[in-house]
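Asker:
Numbering (mature numbering (1 follows the signal peptide of the UniProt record, and there is no 0)), first residue to last: -18 to -1, 1 to 130.
1. Return the Cβ separation of residue 67 and residue 25 in integer angstroms, given the expectation that the two are a contact with Cβ distance under 8 Å.
2. Since residue 113 and residue 53 are thought to touch, with beta carbons under 8 Å apart, how far apart are those beta carbons, to the nearest angstrom?
3. Taking the C-alpha atoms as reference points, what is the distance between residue 4 and residue 34?
4. Measure the alpha-carbon distance for residue 108 versus residue 81 and round it to whole angstroms.
5. Assuming residue 27 contacts residue 65 under a Cβ cut-off of 8 Å, what Cβ separation, rounded to an integer in Å, is found between them?
6. Measuring straight from C-alpha to C-alpha, what distance separates residue 14 and residue 50?
7. With residue 30 and residue 97 assumed to form a contact (beta carbons below 8 Å), what rounded beta-carbon distance in angstroms separates them?
8. Rounded to whole angstroms, what's the CA-CA distance from residue 129 to residue 6? Just pull it up for me.
9. Can you name, in chain order, every residue of its own chain whose Cβ lies under 8 Å from the Cβ of residue -6, other than the five neighbours on each side?
10. Given a threshold of 16 other Cβ atoms within 10 Å of its Cβ, counted over all protein chains shown, does residue 125 qualify as buried or as exposed?
11. Does DSSP classify residue 54 as helix, strand or coil?
12. Report back the beta-carbon spacing between residue 48 and residue 106 to the nearest angstrom; my notes put them in contact at under 8 Å.
13. Opposite residue 107 in the DSSP bridges: which residues?
14. Given this structure, state the Cα-to-Cα distance separating residue 83 from residue 71, to the nearest angstrom.
15. Ordered along the chain, which non-local residues of its own chain (more than five positions away) have a Cβ less than 6 Å from that of residue 86?
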């Protein structure tokens, strides 16, 4: 209550949200990718079991952060299934919030990851990428098997 009276409500709320990647996922990601990250065949790819695998390398973490910061547009291939969609940018979220939601998503489907830090997100955010650059990064990481 004191925080609200002093005008600090948004600051406190943001810090609480950053600490709760599950709530961020439920509010920002579950509508498309499903509550458990199973995706929707032909429409939205599964995240369960995949985000943790991708986040197991520094290059994979940087790619995941780039997707959330910049969005992803156009066709992608995930486990032999083609998707042509639009992943919006979540650049309005703080680095802490993006790190929290990615760290949570990495645990879906029993995945494990050391997590993604706000510093890693900030590093990615400092180098803006357009849709073509995010796609090119994805293609390169798939060729090197960072993205399964």
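Where a beta carbon is used, it is the ideal one built from N, C-alpha and C, also for glycine.
None of these values were measured; they are calculated from a predicted model.
Answerer: With the structure as the only source:
1. Contact holds; Cβ gap of about 7 Å.
2. Rounded, the Cβ-Cβ distance is 7 Å, consistent with contact.
3. Using only the alpha carbons, I get a separation of about 15 Å.
4. Whole-angstrom Cα-Cα distance: 15 Å.
5. Contact flag correct, Cβ pair sits at about 5 Å.
6. If you take the alpha carbons of residue 14 and residue 50, they lie about 14 Å apart.
7. The Cβ separation is near 17 Å, so there is no contact.
8. The alpha-carbon atoms of residue 129 and residue 6 are separated by roughly 24 Å.
9. Its pLDDT being 43, under 50, residue -6 is placed unreliably in this model, and the value from its coordinates should be taken loosely. Counting only residues of its own chain and dropping the five nearest sequence neighbours on each side, residue -6 has no CB closer than 8 Å to any other CB.
10. With fewer than 16 other beta carbons inside 10 angstroms of its own, residue 125 counts as exposed.
11. Three-state DSSP puts residue 54 in a strand.
12. That pair is a contact at about 5 Å.
13. Residue 107 is not bridged to any residue.
14. Roughly 14 Å between the two C-alpha positions.
15. Answer for residue 86: 3, 4, 7, listed in chain order.
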